[in-house]
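A.B. asks: Protein chains in written order, with numbering that gives the first Met the number 0: chain W, 0 to 343; chain V, 0 to 343; chain Y, 0 to 343; chain U, 0 to 343.
No residue lacks a Cβ here, since even glycine has one placed at the ideal position from N, Cα and C.
These numbers were taken from a predicted model, which means no experiment stands behind them.
Protein chains: 4
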Amino acid sequence: MAEAPFRIAILGASGYTGAELVRLIASHPAMEVAALTADRKAGQSMGAVFPHLGHLDLPPLRRIEEVDFGPVDLVFCALPHATTQAVIAGLPPLLKVVDLSADFRLEDPAAYAKWYGGPHQAEALQAEAVYGLPEFYRERIRDARLVANTGCYVATALLPVLPLLEAGAIDPDEIIIDAKSGVSGAGRAAKEGTLFCEVAEGFHAYGVGRHRHMAELDQEFSRAAGRTVTASFTPHLIPVNRAIFATIYVRGEAAEIHRVLEARYAEEPFVRVLPADVAPQSRHVRGSNFCHIGVVADRRKGRTIVLATLDNLMKGASGQAVQNANLMLGLPETAGLEAAALFP
Amino acid sequence: MAEAPFRIAILGASGYTGAELVRLIASHPAMEVAALTADRKAGQSMGAVFPHLGHLDLPPLRRIEEVDFGPVDLVFCALPHATTQAVIAGLPPLLKVVDLSADFRLEDPAAYAKWYGGPHQAEALQAEAVYGLPEFYRERIRDARLVANTGCYVATALLPVLPLLEAGAIDPDEIIIDAKSGVSGAGRAAKEGTLFCEVAEGFHAYGVGRHRHMAELDQEFSRAAGRTVTASFTPHLIPVNRAIFATIYVRGEAAEIHRVLEARYAEEPFVRVLPADVAPQSRHVRGSNFCHIGVVADRRKGRTIVLATLDNLMKGASGQAVQNANLMLGLPETAGLEAAALFP
Amino acid sequence: MAEAPFRIAILGASGYTGAELVRLIASHPAMEVAALTADRKAGQSMGAVFPHLGHLDLPPLRRIEEVDFGPVDLVFCALPHATTQAVIAGLPPLLKVVDLSADFRLEDPAAYAKWYGGPHQAEALQAEAVYGLPEFYRERIRDARLVANTGCYVATALLPVLPLLEAGAIDPDEIIIDAKSGVSGAGRAAKEGTLFCEVAEGFHAYGVGRHRHMAELDQEFSRAAGRTVTASFTPHLIPVNRAIFATIYVRGEAAEIHRVLEARYAEEPFVRVLPADVAPQSRHVRGSNFCHIGVVADRRKGRTIVLATLDNLMKGASGQAVQNANLMLGLPETAGLEAAALFP
Amino acid sequence: MAEAPFRIAILGASGYTGAELVRLIASHPAMEVAALTADRKAGQSMGAVFPHLGHLDLPPLRRIEEVDFGPVDLVFCALPHATTQAVIAGLPPLLKVVDLSADFRLEDPAAYAKWYGGPHQAEALQAEAVYGLPEFYRERIRDARLVANTGCYVATALLPVLPLLEAGAIDPDEIIIDAKSGVSGAGRAAKEGTLFCEVAEGFHAYGVGRHRHMAELDQEFSRAAGRTVTASFTPHLIPVNRAIFATIYVRGEAAEIHRVLEARYAEEPFVRVLPADVAPQSRHVRGSNFCHIGVVADRRKGRTIVLATLDNLMKGASGQAVQNANLMLGLPETAGLEAAALFP
């Protein structure tokens, strides 16, 4: 590529999604890392914080206020939920931003206030933000200034279910999402609950009945159905680094569901609908930007089991973010994202 | 215990459930191992096949036909599904047997033939067999000659659901069981699908829509409901050695469901109903004979999520088998089964 | 056992070794839990902190100063290194104590000061403390008031090497210990380095050349050899919950080494020397109090590879502590410790 | 790249190294897959055998005799050890071959016969084969017709040790290699020993004192030292998919060793010598073609611990093979191999 690469800043580069963004940009044909921030680790090299990136020529970690955003073309914001609103409000007003937090995903300020326990701090930005699921908002993302990247659990549910709601192929009142996540979704902060010994050799559900991602599900499901949809959603923790796997129970015919999904995703580069009756495996998308979807008829007549899996750090976070950025920068949507999964 | 211990034979001692039976009997106050069989490993010591048992004074592995069943009080039969019928038919006619295979679990020979692809080879024994879930068939098990141990997946579903069907607390037409199993449930036979690299760092569903254990579920659910019940059931593989975890979606009120389960299991030694809204973790029952059950209200009104977990080799197989044997031999039901879980 | 059980207090019951002590005492024929302390979790139930122990009838977690030590027969002290000295100095002066920390393991106050960066705070107690490796200090432990439990890494090295030094079967100047530990050895404190994602799917060495446990190794190796011994010791982290595995390279003949070890441990209940050329596996001692030792001739003449493994929470900590307590209380040394390993 | 890509055949594409070659070639700027063979799975699609590659446009699996090697530029031979000799002898005589088996690694037919239990079946080819460690045989590899890819264990030992032997920085008679491997090194064949339950939650040594890779070590160490060298080598199995980690104990000064290695690898693209006293972690090279090397002074004077790690399927097999092929085809040595590691 003869032209100069786009210059990228990553805010919150000391977390797993930040590191994954650096990994992706390092082999991206049209992007380069211009700035990295991490408040508590400012002054350190990225290689000290993430030795797997130690061979790359990267700028040091800085505090956000030390960054000159003048020559920056696009910012990935990978900061913790709730701290993001003020940060993005403080960036130069025309700078393109892909935000990986949950802060700008809910269009309705009231929904935000209800689920996050307080009013939104940047409602004007919220009004401007485009929901970042490229398979459904591609054209709006191309023109967006601020894109709110879809969450990893939610992306795994939306990709298989939205086309079914749009097509009227399933009953909107009978959607149950049994979701399972790898541990990297919880981030790199030191917490008892994500210690190796609290996760390995076991399995459990958490946040049952009250997980915040439900607000995002409601919003998108309802829009697709043209009416209010409330789905059941139960998150579990799998003792693996990377994965989201959703087993989705719906009322609808398997053959039609498979047909709708195959047609809907025939031209999509990152969503693969498997042959009928084939169940996906999370290990087959590990490290890649793919989402694999399977459809199997339930033994109860008129019911179907839809299974979907993706890598929470890739299609569920940083890979999707790069996909959005490619659209915003006028690049080929798949640039830098074509690597196959790492198996085993 | 002053009296001589009961003498136990284990058929199929070279598998994981066989080894687990030996482990349990080794610390059982009223049982001792009298004979061990393993056709392909006949002649070897148990310590060679399972070094974790190498310190025990055990008889060598023999072929079944080499065993003198005269002094044996009870047989655990841990042979592969389908090979068991002929073996048990060939044992001395009054010998007590706990069978860990699926061969005698289905009362209806037609159901057996449908799910297992051929007629049952020992229908008279089938008619005599008692279904081995002590919490529901305790009195019949005490008097039984042949007990068909409940399967691990099925036990994890029956324990939370049967009381709800019996009490009419849930809609029998709306039961979805999203089940997850550790890998030891697949046994020690060398197969590509259970190689470390095919299981670790990933998650997948298998046998979706057609798993054989559904027949057992149907039988017991239907009996409890007093009508035909067909539940959805999806098995998944977790990258852990031991665990079954079931997330069960039902139509019914959480408060009533919790009340029914608490009342039903108040006196049961091995079933613990957690406080309302607390989800269990499989690691907290690992290596123990406990089943932990949690109840959480779904966000959809009138729906509830019931979560249950047990160790597939213990309460799901060998621990439950010893519990049945205790009943059959007139011993305290909890003898040899009181160890707490091994965590972490 | 007709007599009243000994009453046991556990200080630091909210850590993994504390929980393991509770698990062991729960099935111990002559001990019962009289008091549990955990400063930061005081007021909580043990079952809330460790749900796998939730079925037991246990006293609540208290602060140490709230405990009435009057009726207590023996204290297990499972507090962090360095905080222990003041606590034990403050206990009733005749109370028996097994300390699981490193605080009283070094006889020489100067060695303590060098390795731990400051003077010992309870030198009189240090002078009284007996080093708690029962296979070597059994008689002194029987009469001891304060026993300093051997560390997990160190126990795994001492058990195979001490007899060889005592017998003059190896060159004291050529001992290399390549040691590997499971993650529970690092405790339950929330630290980035023991998060699941920092440990799973990988392997690394840590503290190379400077691990504190070397002081303890030096002390015991030197005593056994009758001269100063300095061994190489490299700790690594294995992505498992429980295990220590030591691969030990020595100069000496394999046949003699195997003979010495077999003879030395022929009567020991918890140390098993495997047949010549058989390597142990950590999974075969998981959850048990056994140490398995293997001896294999190196391909370099006159060199031998000695391999040893134990469960860091059992023979490396809480199991060994109960073994010491059994001796101190005049109980059979194996009481409550005879469970076979949990495999798989 | 305007020119037509080189056309590549992979023999033995149904194993893990075969799949890894396909993954690498799929994103290689100058190679394309022209043929795939797998005798037992002939007729299947690669996507059926390895679903993580299902999105690629690949030829079906065929039997070797069905392949037209006319338009093929280079063959990767990823067949089991010992079956390879006849296969390669039967290929068109000028076709370039990178062999990933052990069959052509030993220059001395007598050494081969001793370690592999029978005479070599293609001694003429053996005489022609070039040992495939690019960092040491780069120029010969450029001109080679047949390259014998270095084994994964051996590469991890050779990269840190060869420069030290060449420089005379260590005593050739005092080299101990404590090596640990991930499970994918054992391949995809179904064997009891690599079942999940036999590997997870544990650690063990295997083949102690007699592993075949020692012959390769001896050959290369001896050449570098200019005299016969016999090192100790103990392989262990880590419960991870991908990794080799070697802890190497040598007699020599740490400062000099570090200096020699830094100088030797300053210009090498795939070998990174970490700062003094920093130990590598296998997870930081997972999925990449890097080898990370650390140097730490032992506490015994004049001794040093050298630590090296790589991904056994990448720099230990398929990545190294592509590196060799790049050299043989006149391509940039790093083409298609620049991806950073996948962490976590």
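I need the straight-line Cα distance from Y:Met0 to V:Ala29, nearest angstrom please.
C.D. replies: Locating residue 0 of chain Y in the third sequence gives position 1, counting from the first residue. Locating residue 29 of chain V in the second sequence gives position 30, counting from the first residue. Unreliable placement is indicated for Y:Met0, whose pLDDT of 46 sits below 50; the coordinate value is still reported in the next sentence. Whole-angstrom Cα-Cα distance: 16 Å.
A.B. asks: List, in chain order, every chain W residue whose beta-carbon is nearer than 7 Å to that of V:Lys179.
C.D. replies: The sequence position of residue 179 of chain V within the second sequence is 180, counting from 1. Near V:Lys179 (Cβ distances below 7 Å), the residues of chain W are Phe202.
A.B. asks: Does the segment 318-332 of chain Y come into contact with the segment 136-143 of chain Y, if we say contact requires no fewer than three beta-carbon pairs (one atom in each stretch) closer than 8 Å?
C.D. replies: yes
A.B. asks: Just tell me which of Y:Val66, Y:Gln84, Y:Thr229, Y:Met313 has its CA closest to the CA of Y:Ala126.
C.D. replies: Here residue 126 of chain Y refers to the residue found at position 127 when the third sequence is read from its first residue. Nearest of Y:Val66, Y:Gln84, Y:Thr229, Y:Met313 to Y:Ala126, Cα basis: Y:Gln84.
A.B. asks: For a contact meaning CB atoms closer than 8 Å, what does V:Cys196 contact in chain U?
C.D. replies: Stepping through the second sequence from its first residue, residue 196 of chain V is reached at position 197. Near V:Cys196 (Cβ distances below 8 Å), the residues of chain U are Tyr15, Val182, Ser183, Arg187, Thr193, Asn240.
A.B. asks: Just the Cα atoms here: how many angstroms apart are W:Leu260 and W:Gly225?
C.D. replies: Numbered from its first residue, the first sequence carries residue 260 of chain W at position 261. Numbered from its first residue, the first sequence carries residue 225 of chain W at position 226. Cα to Cα, W:Leu260 sits roughly 19 Å from W:Gly225.
A.B. asks: How would you write the range of the alpha helix (DSSP H) that U:Glu31 sits in, first residue to last?
C.D. replies: Mapped onto the fourth sequence, residue 31 of chain U falls at position 32. No alpha helix (DSSP H) contains U:Glu31, which is instead part of the beta strand (DSSP E) from 30-36.
A.B. asks: Taking the alpha-carbon positions, what's the Y:His203 to Y:Asn240 distance?
C.D. replies: On the third sequence, residue 203 of chain Y is found 204 positions in, with the first residue counted as 1. On the third sequence, residue 240 of chain Y is found 241 positions in, with the first residue counted as 1. The C-alpha of Y:His203 lies about 15 Å from the C-alpha of Y:Asn240.
A.B. asks: Once the 5 residues before and after Y:Gly335 are set aside, which same chain residues still bring their CB inside 8 Å of it?
C.D. replies: By 1-based counting over the third sequence, the position of residue 335 of chain Y is 336. Only Leu23, Ile24, Ser26, His27, Pro28, Ala29, Met30, Val321, Asn325 meet the Cβ criterion.
A.B. asks: Can you find a CB in chain Y that lies within less than 8 Å of the CB of V:Ala339?
C.D. replies: Sequence index remark: in the second sequence, residue 339 of chain V carries index 340 (1-based). V:Ala339 counts as touching chain Y.
A.B. asks: For the segment 242-256 of chain U, which residues have a beta carbon sitting closer than 7 Å to at least one beta carbon of chain C?
C.D. replies: The chain labelled as chain C is not found among the protein chains of the depicted structure, namely W, V, Y and U.
A.B. asks: In the DSSP assignment, find the alpha helix (DSSP H) that holds W:Thr16 and state where it starts and stops.
C.D. replies: Locating residue 16 of chain W in the first sequence gives position 17, counting from the first residue. 15-25 is the span of the alpha helix (DSSP H), which, as asked, contains W:Thr16.
A.B. asks: Could you work out which residues of chain W lie near Y:Lys190, taking near to mean beta carbons separated by less than 7 Å?
C.D. replies: Mapped onto the third sequence, residue 190 of chain Y falls at position 191. Chain W residues near Y:Lys190: Ala189.
A.B. asks: Which runs of the beta strand (DSSP E) at least 3 residues long sit entirely within the segment 51-80 of chain V? Give them in chain order.
C.D. replies: 73-76
A.B. asks: Would you verify that the beta carbon of V:Ala47 is, or is not, closer than 8 Å to some beta carbon of chain U?
C.D. replies: The residue you call residue 47 of chain V lines up with position 48 of the second sequence. Closer than 8 Å: no.
A.B. asks: Would you check if the distance between the CB atom of W:Leu158 and the CB atom of W:Ala340 is smaller than 8 Å?
C.D. replies: The sequence position of residue 158 of chain W within the first sequence is 159, counting from 1. The sequence position of residue 340 of chain W within the first sequence is 341, counting from 1. No, they are not a contact pair.
A.B. asks: Any beta-carbon of chain V closer than 8 Å to the one on W:Gly208?
C.D. replies: The residue given as residue 208 of chain W occupies position 209 in the first sequence. Chain V, which has a Cβ nearer than 8 Å to the Cβ of W:Gly208, makes this yes.
A.B. asks: Expressed to the nearest angstrom, what Euclidean distance is found between the alpha-carbon atoms of V:Val21 and V:Asp72?
C.D. replies: Taking the first residue of the second sequence as 1, we reach residue 21 of chain V at position 22. Taking the first residue of the second sequence as 1, we reach residue 72 of chain V at position 73. If I take the Cα positions, the gap works out to 15 Å.
A.B. asks: Determine the extent of the alpha helix (DSSP H) in which U:Ile140 is found, giving its start and end residues.
C.D. replies: The residue you call residue 140 of chain U lines up with position 141 of the fourth sequence. Looking at the DSSP string, the run of the alpha helix (DSSP H) that includes U:Ile140 is 133-141.
A.B. asks: Go to V:Lys190, then tell me how far its beta strand (DSSP E) extends in each direction, as first and last residue.
C.D. replies: Residue mapping note: residue 190 of chain V aligns to position 191 of the second sequence, counting from 1. From DSSP, V:Lys190 is part of no beta strand (DSSP E); its letter is neither H nor E.
A.B. asks: Under DSSP, the alpha helix (DSSP H) around U:Phe232 begins and ends at which residues?
C.D. replies: Numbered from its first residue, the fourth sequence carries residue 232 of chain U at position 233. Here U:Phe232 belongs to no alpha helix (DSSP H); instead the beta strand (DSSP E) covers 231-236.
A.B. asks: From the DSSP output, which residues share a beta bridge with W:His257?
C.D. replies: Translated into positions along the first sequence, residue 257 of chain W becomes position 258. Answer by DSSP bridge pairing: none, since W:His257 is not bridged.
A.B. asks: Can you pull the chain U neighbours of Y:His205, defined as C-beta to C-beta under 8 Å?
C.D. replies: As a position in the third sequence, residue 205 of chain Y is number 206, starting the count at 1. According to the sequence displayed, residue 205 of chain Y carries Tyr and not His. Correct list: Ala278.
A.B. asks: Following a CB-centred definition, is V:Thr233 positioned closer than 7 Å to any heavy atom of the ligand COA?
C.D. replies: Inclusion of the ligand COA in the displayed structure is not the case, the ligand content being empty and no account of it being possible.
A.B. asks: Compare the C-beta of V:Asn311 against all C-beta atoms of chain U and say whether one is closer than 8 Å.
C.D. replies: Within the second sequence, residue 311 of chain V is the residue found at index 312, counting from 1. No, V:Asn311 does not count as interfacial toward chain U.
A.B. asks: Can you list, in chain order, the residues of its chain with a C-beta nearer than 8 Å to that of Y:Leu93? Leave out the 5 residues immediately preceding and following it.
C.D. replies: Residue mapping note: residue 93 of chain Y aligns to position 94 of the third sequence, counting from 1. Cβ-Cβ distances below 8 Å link Y:Leu93 to Arg144 in the same chain, with the five nearest sequence neighbours on each side left out; the list follows chain order.
A.B. asks: Residues of chain V with CB closer than 9 Å to the CB of U:Ala199, please, in chain order.
C.D. replies: Within the fourth sequence, residue 199 of chain U is the residue found at index 200, counting from 1. By Cβ distance, chain V contributes Val182, Phe195, Val198, Ala199, Pro238, Val239, Asn240.
A.B. asks: Under the three-state reduction of DSSP, which class applies to Y:His283: helix, strand or coil?
C.D. replies: The count along the third sequence starts at 1 and reaches residue 283 of chain Y at position 284. Helix at Y:His283.
A.B. asks: Determine the DSSP secondary structure at V:Phe244, reduced to helix, strand or coil.
C.D. replies: Working through the second sequence from its first residue, we reach residue 244 of chain V at position 245. In the displayed model, V:Phe244 falls within a strand according to three-state DSSP.
A.B. asks: Give me the residue from U:Ser287, U:Ala275, U:Ala88 with the minimum Cα distance to U:Ala242.
C.D. replies: Position 243 of the fourth sequence, counted from the start, is the residue given in the question as residue 242 of chain U. Comparing Cα positions, the closest option is U:Ser287.
A.B. asks: So if DSSP puts U:Thr303 in a beta bridge, which residue, or which two residues, is it bridged to?
C.D. replies: Mapped onto the fourth sequence, residue 303 of chain U falls at position 304. Answer is U:Val249, U:Ala296, bridged to U:Thr303.
A.B. asks: I'd like to know if U:Phe289 contacts chain W, where contact means its C-beta is closer than 8 Å to some C-beta of that chain.
C.D. replies: Along the fourth sequence, read from residue 1 onward, the residue named residue 289 of chain U stands at position 290. Yes, U:Phe289 counts as interfacial toward chain W.
A.B. asks: Just the Cα atoms here: how many angstroms apart are U:Met313 and U:Arg285?
C.D. replies: Position 314 of the fourth sequence, counting from 1, holds the residue named residue 313 of chain U. Position 286 of the fourth sequence, counting from 1, holds the residue named residue 285 of chain U. Computed Cα separation, rounded: 8 Å.
A.B. asks: On a Cα-Cα basis, can you pick out the residue from W:Gln319, W:Phe269, W:Ile256, W:Ala316 that is closest to W:Phe293?
C.D. replies: Looking up residue 293 of chain W in the first sequence gives position 294. Strictly speaking, residue 293 of chain W in this sequence is Gly, with Phe absent from that position. Selected option, being the one with the closest Cα: W:Ile256.
A.B. asks: Considering only the alpha carbon of each residue, which of Y:Phe68, Y:Ala254, Y:Asp98 lies closest to Y:Thr348?
C.D. replies: This structure gives no information on residue 348 of chain Y, because the portion of chain Y shown stretches from 0 to 343.
A.B. asks: Mind listing the chain V neighbours of Y:His54? Cutoff is C-beta to C-beta under 8 Å, in chain order.
C.D. replies: Residue numbering aside, residue 54 of chain Y sits at position 55 when the third sequence is read from its first letter. The contacting residues are Arg271, Phe289, Ala339.
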